[in-house]
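These protein sequence lines map, in sequence, to chains Z and L. Position 99 of the first sequence, counting from 1, maps to 99 under full-length UniProt numbering, and the rest follow consecutively. Position 72 of the second sequence, counting from 1, maps to 72 under full-length UniProt numbering, and the rest follow consecutively. All C-beta atoms, glycine included, are put in the ideal place defined by N, C-alpha and C. Owing to the predicted nature of the structure, the values given are computational and were not obtained by experimental measurement. Okay, structure first, notes after.
There are 2 protein chains.
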Amino acid sequence: MSTPGTTEGTVPSGHASPNVFCEHCPTRLVLDRLSDKWVVLILARLSEGPRRFNQLRREIEGVAQKMLSQTLKKMERDGLIGRQAFATVPVTVEYSITPLGLTLASKVVEIAHWAEENIEQVLAAQASYDAN
Amino acid sequence: MSTPGTTEGTVPSGHASPNVFCEHCPTRLVLDRLSDKWVVLILARLSEGPRRFNQLRREIEGVAQKMLSQTLKKMERDGLIGRQAFATVPVTVEYSITPLGLTLASKVVEIAHWAEENIEQVLAAQASYDAN
DNA sequence: CCGGATCCCAAACGATACTG
DNA sequence: CAGTATCGTTTGGGATCCGG
């Protein structure tokens, strides 16, 4: 990435450049977000347009309410999505993607596409590996 | 992705098309791999060239031997990386990326780049959020 | 409808020690 | 050098109930 082959970044302009390979670099936080299993799917959905809470819940199979609300809160904190509540009764809440989130989403949907396109090769490799 | 707005894929050719939003679709396996915290970093390193075990260990700060060998084994099973042992003494093992792994790596390094480029915006958003 | 609070289990992860 | 084995801790995440 920044400085292949080294463990700490050089300093090209101002302060230490971020380097995901460095243990305590905050960029690791971003990669950790992708570990949050649902972030990828939420980003993909919201990049198509705003969604209400239960709407998202239905569209993303298998997610528990707790995980969804937790994940949405984290993503809001990270500035990836926005949240707007309408004082209807019962209350309506709408989540939307931010410009920042959209740039990440564009990268992330490519991973999803890759998964859909190459899953068969992966499954074949697994079968072959397990045959030994 | 495949069929936005629905929960199950249509069947264009042969069998059900993969759909990451579908709960039990195997494409979820791929996304789960990215949850393996070290996969991204290993892919990035190996896409630069082959590495020996301890070489990788040194280049990826903070990884435990156990996690590294576990993760490498999974990735080999998935067909993302190759493993070659040389009967030297002591034994030498070299890991390299496969053509399949390389296509995924190209997507994944973009995420890493995004992290390095946008981390400040994320940190700022967090600070702003926490101020409330 | 949109969540928060609580409980609980399984999996991930890390540290250490040991082996071919 | 390149792992495996074991143990203990931490975290993710699902189920359920409750409240605004």
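Original post:
Which of helix, strand or coil does DSSP assign to Z/G101?
Top reply: helix
Candidates Z/C22, Z/A44, Z/R52, Z/S35: which alpha carbon is nearest Z/E94's? Taking the Cα of Z/E94 as reference, the smallest distance to any Cα among Z/C22, Z/A44, Z/R52, Z/S35 is reached at Z/R52.
| said: Let's see if you can read the secondary structure: which residues bound the alpha helix (DSSP H) around Z/I42? | reply: 39 to 46
Short check: CB of Z/A85 to CB of Z/I97, under 8 angstroms? no
* chain Z partners of L/Q65, CB-CB under 7 angstroms? -> Going along chain Z, no residue has its Cβ under 7 angstroms from L/Q65, so there is no contact; the nearest lies around 15 angstroms.
- Query: Is L/E116 buried or exposed, if buried means 16 or more other CB atoms sit within 10 Å of its CB?
  - Reply: buried
Checklist entry - What is the DSSP secondary structure of residue 137 of chain L, reduced to helix, strand or coil? => result This structure leaves residue 137 of chain L out entirely; chain L is present only between 1 and 132.
Check the C-beta distance from Z/I42 over to Z/M67 and give it rounded, since I have them as a contact under 8 angstroms.
About 10 angstroms separates the two Cβ atoms, so there is no contact after all.
Of the residues Z/V91, Z/D32, Z/L100, the one placed nearest Z/L46, counting alpha carbons only = Z/L100
Notebook entry, point to check: Can you list the residues of chain Z that L/E110 reaches, using a CB-CB cut of under 8 angstroms?
Noted result: K107, E110
- Output the distance between the C-alpha atoms of Z/E59 and Z/W114, rounded to the nearest integer angstrom. 20 angstroms
Practice problem: Identify whether Z/H15 lies in helix, strand or coil by the three-state DSSP scheme. | Solution: With a pLDDT of only 47 at Z/H15, under the threshold of 50, the placement of this residue in the model should not be trusted; the figure read from the coordinates follows. Z/H15 falls in the strand class under three-state DSSP.
- May I have the straight-line CA-CA distance separating residue 140 of chain Z from L/A64, to the nearest angstrom? Missing from the structure shown is residue 140 of chain Z; chain Z here goes from 1 to 132 and no further.
Give the secondary structure of Z/V63 by DSSP, where H, G and I count as helix, E and B as strand, and everything else as coil.
-> Looking at Z/V63 - three-state DSSP - the assignment turns out to be coil, as it is neither helix nor strand.
Is the beta carbon of Z/G79 closer than 8 angstroms to that of L/Q121? Yes. Within cutoff.
Check your understanding: Along the chain, where does the alpha helix (DSSP H) that runs through L/D32 open and close?
Key -> From DSSP, the alpha helix (DSSP H) with L/D32 extends over 27 to 35.
- Please list, in chain order, all residues of the same chain as Z/S128 whose beta carbon is under 7 angstroms from its beta carbon, the five residues on each side excluded. none
Discussion item. Please list, in chain order, the chain L residues whose beta carbon lies closer than 9 angstroms to that of Z/Y129.
Written reply: By Cβ distance, chain L contributes E76, R77, D78, G79.
Q) Can you tell me the Cα-Cα spacing of L/V109 and Z/K107, whole angstroms? A) Going from the Cα of L/V109 to the Cα of Z/K107 covers about 10 angstroms.
Task: When Z/R28, Z/V40, Z/C22 are compared against Z/I111, the one with the closest alpha-carbon - done: When only C-alpha atoms are compared, the closest one is Z/V40.
If we count the other Cβ atoms within 10 Å of its Cβ and call it buried at 16 or more, is L/T88 buried or exposed?
-> exposed
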